[in-house]
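These notes concern the structure reproduced below.
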Amino acid sequence: KAPFQQGRTLIDQLLNERAVTLTVAIVATTRAELMTYRARLARLFNPLSGEGVLAWEQPDGSVYRLDAVPEGVEFPGGDAAGPTYQTALVSLIAANPFWYQLGTLEAVALEGGLEFDIEFPIKFATVKSASLATNNGDVSAPITVELIGPCLNPSATNITTGKTMKVNYN
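In structure tokens, the structure reads:
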């Protein structure tokens, strides 16, 4: 098994794509404005536009994304359309069916800077960083820590368990 592997290794496993259909209501004040909005919607969701990002924001503020390609826009008639309103169906297809949570996790702070007024600019400072990573997913996920630049004896602490991992290295 590979490091951090859960279960077996899938080889040549195909996941079904995710089809997403959005119902959009266009409301305008004039027929000309309605036609402008229809054209804009069709232009935005043109299949030739390529892959885009569908973002979904939850009431708690968390945002998820799905990378998807538009299949097109359909403008049904009947009760779904009128002189100044129109319902549209936007079809998207996501090759990767998984939703991903948006956001970056990075925190860097400078502490105790010293400056000397000499001929060339020079600064001395200590860089400290701390990041809080929360896994709200359905399975446990390992972390990967990459340190760039000089560092003396770095450590990582799990604030839930209190366990600390230290590396004696310069």
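Residues in the sequence shown are numbered consecutively from 103, following this note's numbering. For every residue, glycine included, the Cβ atom is placed at its ideal position computed from N, Cα and C. Here the structure is a predicted model, which means the values were calculated and not measured.
Cβ-Cβ distance between T123 and L191 below 7 Å
Cβ distance < 7 Å, so T123 and L191 count as in contact.
Cβ atoms of L136 and A127: under 7 Å apart, would you say?
No, they are not a contact pair.
What span of residues does the alpha helix (DSSP H) with A144 cover, start to end?
133–146
Taking contact to mean 3 or more Cβ pairs, one atom from each stretch, closer than 8 Å, check whether the stretch 166–176 and the stretch 185–204 are in contact.
yes
Count the other C-beta atoms from every protein chain shown that fall within 10 angstroms of the C-beta of L254, then say buried if there are 16 or more, exposed otherwise.
L254 comes out exposed.
Just how far apart, CA to CA, sit G179 and V165?
34 Å
Report the rounded CA-to-CA distance for A121 versus F147, giving the unit in angstroms.
As the crow flies, the alpha-carbon of A121 is around 14 Å from that of F147.
So what's L124 in DSSP terms, helix, strand or just coil?
strand
Distance between L168 and P199 (C-alpha atoms, nearest Å)
8 Å
Would you kindly work out how many angstroms separate the C-alpha atoms of G251 and P105, rounded to a whole number?
G251 and P105: Cα-Cα distance of roughly 26 Å.
Rounded to whole angstroms, what's the CA-CA distance from A258 to T236? Just pull it up for me.
14 Å
According to DSSP, is L254 helix, strand or coil?
Coil.
Status (buried if at least 16 other CB within 10 Å, exposed otherwise) for L150
exposed
Give the straight-line distance between the Cα atoms of V247 and L156, rounded to the nearest whole angstrom.
29 Å
Quick one: measure Cβ to Cβ for A196 and A170, integer angstroms, because I've assumed they're closer than 8 Å.
Approximately 4 Å separates the beta-carbon atoms of A196 and A170; this is inside 8 Å, confirming the contact.
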